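Protein chains in written order, with the working numbering: chain V, -13 to 273; chain U, -13 to 273; chain Y, -13 to 273; chain B, -13 to 273.
As structure tokens, then:
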């Protein structure tokens, strides 16, 4: 059925009787879709309901505006936040990186292996280190050095690049610059960062050093959406690795690199597959 | 809403368009239920569909036979295997144990902490070791020693006890006797065993010794439904722990005990919550 | 060789050439011991050296005071902190507990299974809940309720009990009272607590609630020595478990219980086996 | 002290009193070395002793043949298998790969990040796929296609290449050809393979398919030394990842790739750091 289009409907709203039925009925009776996957979740404490429905439609030309118009009354009735995404529309991704290249290299290899449904459109860096790697993978590389004085104009240039390339998602693959609130506001829930600690422990700079000093027995890494408050955005994924006294700082940092690659790549894949919903500064992962 | 009844509908059938809608519509239109949770899964390779729907009904007296009769035509149309379970009906559980008591003790403590919706009806053992523990927890203890010669009559006595106590689930908490095929047949998918290895590695006797001899770097434990073929039933849960050369056999066995307790208790909880479906000698866990 | 005595020598000091040789030579030439295990560790950043030597001596009556006197000059020369312990001397342990009994129950079962070389001398609680469990295991139970007003006199009574029973180690198995600095001072590095978070995240009260609110993807538990600053003592062991949006608070707390039991029991075993050295508010685990 | 040489002495022999002292005394008294690290291990069941001593010597020209001659009598007396290695001598490594490039790419990146003390001398492949990656990293690439008929001559060519490059270690980074016994014999304990299952489960071809069919709840990967019997050599490292019913074969294989990279890279690092001893088809890892 080459004409079929796979769509993903993502909903959050107050929990209420009849919700699931209303949604399913709308899809099946109005649009005769084939539901491929329907996943839901309740936050019992907050009385919230979350749903992800993946469906295919036989209609050769699925009419998105018509769908939106038809769904709007139901959405209003149940006070939904909702969006519809399409699996066959590869998203444009910008990769921001500084001098540590392990996360970038990992994402490029995964993309090459077909793990991401995305168009890696450009690499932006405040250093030249990543250029050979980007070019080996055939991705345009933009060198935009930053100083405190030039930061506003550099961000303006970055935003222009992002707009020009119709970027949907920005990945901070160990980009060691804090983005300004206005930059962050331009891409809400569309900037993913990796922080090299098990948040909320060890926020801020040099978390591995802090972890080493505190004598923790596990180190961690966290991928999260960037919000205006540093290291405080909704957590998408976390993982940890065991360390021992044999791990002095260098080996601790080495083990941490593997964690960073894992938690960042999982977050990216879930985001690209439209499996992440955010609410109350948390995420629901429909994985 | 004290009159509401929470029911769980479990379905597996060939995957087909319209399935989800048909099920949801039946529940909502015929029975005006409140769907609390609907979870589904496809086995793409085998073309199979699995669903678990948890719902509450306002009707003061949910009529189970009427429900079954009404659902049967849909079930037939979609060639479903299906069952309906009720959350408020605590299941009767029999615990079989020999001389290693850690799994039994763990299950008893979890039950005391309210982790299981079950009635622990009796402890059966071929040794006296578990008696004090069972009696401390106020659970009738039945000492039924087994020899090769007496095995048939002992199994008959066990089956009589199980029938008398209307047992729904048998847990082999390190019960070191192989059950006969006819015994197993009497409780299909209702006997859970824990095997102290990461199956399918190290089937049979003394798996820790075999793991030690092979020099593996992780040891494991597996909980599974018992079928006629030893250690070959559908796996419900597995876990592993890292070992090193510092772990000689005794410490390896000690670490293994923790694994056994974890994988057995998770399997028991999922089974009691009606979260396990079996097919093709595998399980789907709606957790 | 029934007269042999197994001793454990624990040393920390500035790292210096000749250290290992000096220690080994002392043991072998002066005491003709059989070194069973010699484990060492350096903190490169701080320039510190740590060693644990386990040895057996043929001498029918190992003379501890003579050993101490003979070793003292070497210890002085290398500016060592050191101690000698004997494996055959079971330590007296006091268990403090409030109303959550899962850690206590777990420790009692492990003791019964032979995992701890210790004499569980008494259970102290500010509630009556643990009495049946303690008595089932044949351990004296002391009910000492605490109010803010009575806390000083209760602590005095507790200290009297501890002294009377020659207690070597106090385990706070979810004891929900903060000990006073003077109490803590009386048992330096000899009080082990379990905190139900991945420290340093979520210190203080209700860490599971805080973890749930922050939306972390892993929950943790930490066992540590108690110092004057709450939740800030040297970490002995930590572990984590994955949670998802399906884990509302109750299931998160249930998963946490398993973590608490694991990290507490490991800390207790390592402490009892004299495998823990502390320095700079950290621990070295010779495991 | 730029003239100092760091050496690693690796020993296995029957356990016997006086061993540690004899070794330490030899090093300290004869060679005035600074012991940096001394790690030991006993296999109690087999009565074996293993030791790894890392030491630096002040002597500007450490005389290896003289050391060997001097140590030989002690080695003979205690019936030691032993070897001495030097940390500053980077080993020559050959990477064998077929068409799956994730392990190769991972090793190259780690090498670039400074994780391996090695000279990656050449990449050998029976396909052309890896050429661009090898060349990007500046490593000579040798395309040597294999058919059943040409296998003997190809292996001869490979052996010639290895000899010519003075290769110390061969890494099979998903090289999908079985090496002949004579090839394996030429590099005993110097060929590391990664097998994509938790050995001894799922030996042979298509282990992910077998794991999927059996319905395991964790998948694994294993790095091991290659011996004449396929998948039966001493295990160096293993790891596992949790899967669920949501993981159909493709995502299971994707998760497996991360495991393969982790277990292979750890094995390579330990081997290159002279931290692996083998005995009884097992490994001791001094990590």
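Cβ coordinates follow ideal geometry from the N, Cα and C atoms, glycine included.
Note that this is a predicted model, so its numbers are computed, not measured.
Does chain U have any CB closer than 7 Å to the CB of residue i?
| i | result |
| --- | --- |
| residue 200 (chain B) | yes |
| residue 152 (chain B) | no |
| residue 91 (chain Y) | yes |
| residue 65 (chain Y) | no |
Determine, using beta carbons only, whether residue i comes closer than 7 Å to chain Y.
| i | result |
| --- | --- |
| residue -11 (chain B) | Note that residue -11 (chain B) scores 48 on pLDDT, short of 50, meaning its location in the model is unreliable; the coordinates nonetheless yield the value given after this. It does not: the Cβ of residue -11 (chain B) has no partner Cβ on chain Y nearer than 7 Å. |
| residue 30 (chain B) | no |
| residue -3 (chain B) | no |
| residue 77 (chain V) | no |
| residue 72 (chain U) | no |
| residue 224 (chain V) | yes |
Please name the residue in the options whose C-alpha comes closest to that of residue i.
| i | options | result |
| --- | --- | --- |
| residue 159 (chain B) | B:0, B:253, B:28 | B:253 |
| residue 300 (chain U) | U:89, U:157, U:13 | No answer is possible for residue 300 (chain U): it lies beyond the span of chain U, which begins at -13 and ends at 273. |
| residue -4 (chain V) | V:185, V:86, V:67 | V:67 |
| residue 88 (chain U) | U:126, U:200, U:245 | U:245 |
| residue 65 (chain U) | U:174, U:36, U:140 | U:36 |
| residue 79 (chain V) | V:248, V:155, V:255, V:194 | V:155 |
| residue 266 (chain U) | B:113, B:198, B:237 | B:198 |
| residue 44 (chain Y) | Y:14, Y:25, Y:63 | Y:14 |
| residue 144 (chain B) | B:112, B:134, B:175 | B:112 |
| residue 84 (chain V) | V:98, V:63, V:116, V:53 | V:116 |
Give a yes or no on whether 7 Å exceeds the smallest Cβ distance from residue i to chain B.
| i | result |
| --- | --- |
| residue 204 (chain U) | yes |
| residue 55 (chain V) | no |
| residue 95 (chain V) | yes |
| residue 14 (chain Y) | yes |
In chain B, which residues lie less than 9 Å from residue i when you measure between Cβ atoms?
| i | result |
| --- | --- |
| residue 26 (chain Y) | 21, 23, 24, 25 |
| residue 227 (chain U) | Under the 9 Å cutoff, chain B gives no residues; its nearest Cβ is about 10 Å from residue 227 (chain U). |
Identify the contact partners of residue i in chain U, using a Cβ-Cβ distance below 8 Å as the criterion.
| i | result |
| --- | --- |
| residue 244 (chain Y) | 248 |
| residue 255 (chain B) | By Cβ distance, chain U contributes nothing, its closest Cβ being about 15 Å from residue 255 (chain B), past 8 Å. |
| residue 187 (chain B) | 184, 185, 186, 187 |
Counting only Cβ pairs nearer than 7 Å, list the residues of chain V close to residue i.
| i | result |
| --- | --- |
| residue 270 (chain Y) | 231 |
Compare the C-beta of residue i against all C-beta atoms of chain V and say whether one is closer than 7 Å.
| i | result |
| --- | --- |
| residue 241 (chain U) | no |
| residue 292 (chain B) | Absent from the model: residue 292 (chain B). The displayed extent of chain B is -13 to 273, so no value can be given. |
| residue 68 (chain U) | no |
| residue 159 (chain B) | no |
| residue 82 (chain B) | no |
| residue 1 (chain Y) | no |
| residue 217 (chain B) | no |
| residue 36 (chain B) | no |
List the residues of chain V whose Cβ lies closer than 8 Å to the Cβ of residue i, in chain order.
| i | result |
| --- | --- |
| residue 118 (chain Y) | Simply none; closest approach about 33 Å. |
| residue 169 (chain B) | Within chain V, no residue comes near residue 169 (chain B); the closest Cβ sits about 30 Å away, beyond 8 Å. |
How would you list, in chain order, the residues of chain B whose beta-carbon sits under 7 Å from the beta-carbon of residue i?
| i | result |
| --- | --- |
| residue 221 (chain U) | 201, 202, 203 |
Could you tell me whether the Cβ of residue i comes closer than 7 Å to any Cβ of chain D?
| i | result |
| --- | --- |
| residue 126 (chain V) | Given the protein chain composition of this structure (V, U, Y and B), no chain D is represented. |
Using a cut-off of 7 Å between C-beta atoms, extract the partners of residue i located in chain U.
| i | result |
| --- | --- |
| residue 101 (chain Y) | 240 |
| residue 267 (chain B) | 201 |
So which residues of chain Y does residue i contact, with C-beta pairs closer than 9 Å?
| i | result |
| --- | --- |
| residue 98 (chain V) | Correct list: empty, because the minimum Cβ distance to chain Y is about 27 Å. |
Name the chain Y residues that come within less than 7 Å of residue i, Cβ to Cβ?
| i | result |
| --- | --- |
| residue 10 (chain B) | 6, 7, 10 |
Counting only Cβ pairs nearer than 8 Å, list the residues of chain Y close to residue i.
| i | result |
| --- | --- |
| residue 273 (chain U) | 232 |
| residue 235 (chain V) | 31 |
Between the stretch 213 to 233 of chain B and the stretch 195 to 205 of chain B, are three or more C-beta pairs nearer than 8 Å?
Between the stretch 213 to 233 of chain B and the stretch 195 to 205 of chain B, the count of C-beta pairs closer than 8 Å reaches three or more; the two stretches touch.
Cβ contact check for the stretch 101 to 116 of chain U and the stretch 25 to 33 of chain U: 3 or more pairs under 8 Å:
No: fewer than three Cβ pairs fall under 8 Å.
Going along the chain, which unbroken runs of the beta strand (DSSP E) with 3 or more residues stay wholly within the stretch 144 to 223 of chain V?
With a minimum length of 3 residues, the continuous beta strand (DSSP E) runs that stay inside the stretch 144 to 223 of chain V are 155 to 158, 177 to 181, 204 to 211.
Touching or not, the stretch 12 to 24 of chain V and the stretch 43 to 50 of chain V, by the rule of three or more beta carbon pairs under 8 Å?
Counting C-beta pairs closer than 8 Å gives three or more between the stretch 12 to 24 of chain V and the stretch 43 to 50 of chain V, which meets the contact rule.
Taking three-plus beta-carbon pairs below 8 Å as touching, is the stretch 179 to 191 of chain B in contact with the stretch 254 to 266 of chain B?
With a cut-off of 8 Å, the stretch 254 to 266 of chain B and the stretch 179 to 191 of chain B do not count as touching, because too few Cβ pairs lie within range.
Ignoring anything shorter than 3 residues or poking outside the stretch 34 to 93 of chain U, list the beta strand (DSSP E) runs there in chain order.
The qualifying runs are 34 to 43, 67 to 72, 77 to 83.
Check whether the stretch 210 to 225 of chain V touches the stretch 170 to 180 of chain V, taking contact to mean three or more Cβ pairs, one atom from each stretch, closer than 8 Å.
Enough Cβ pairs lie closer than 8 Å, so yes.
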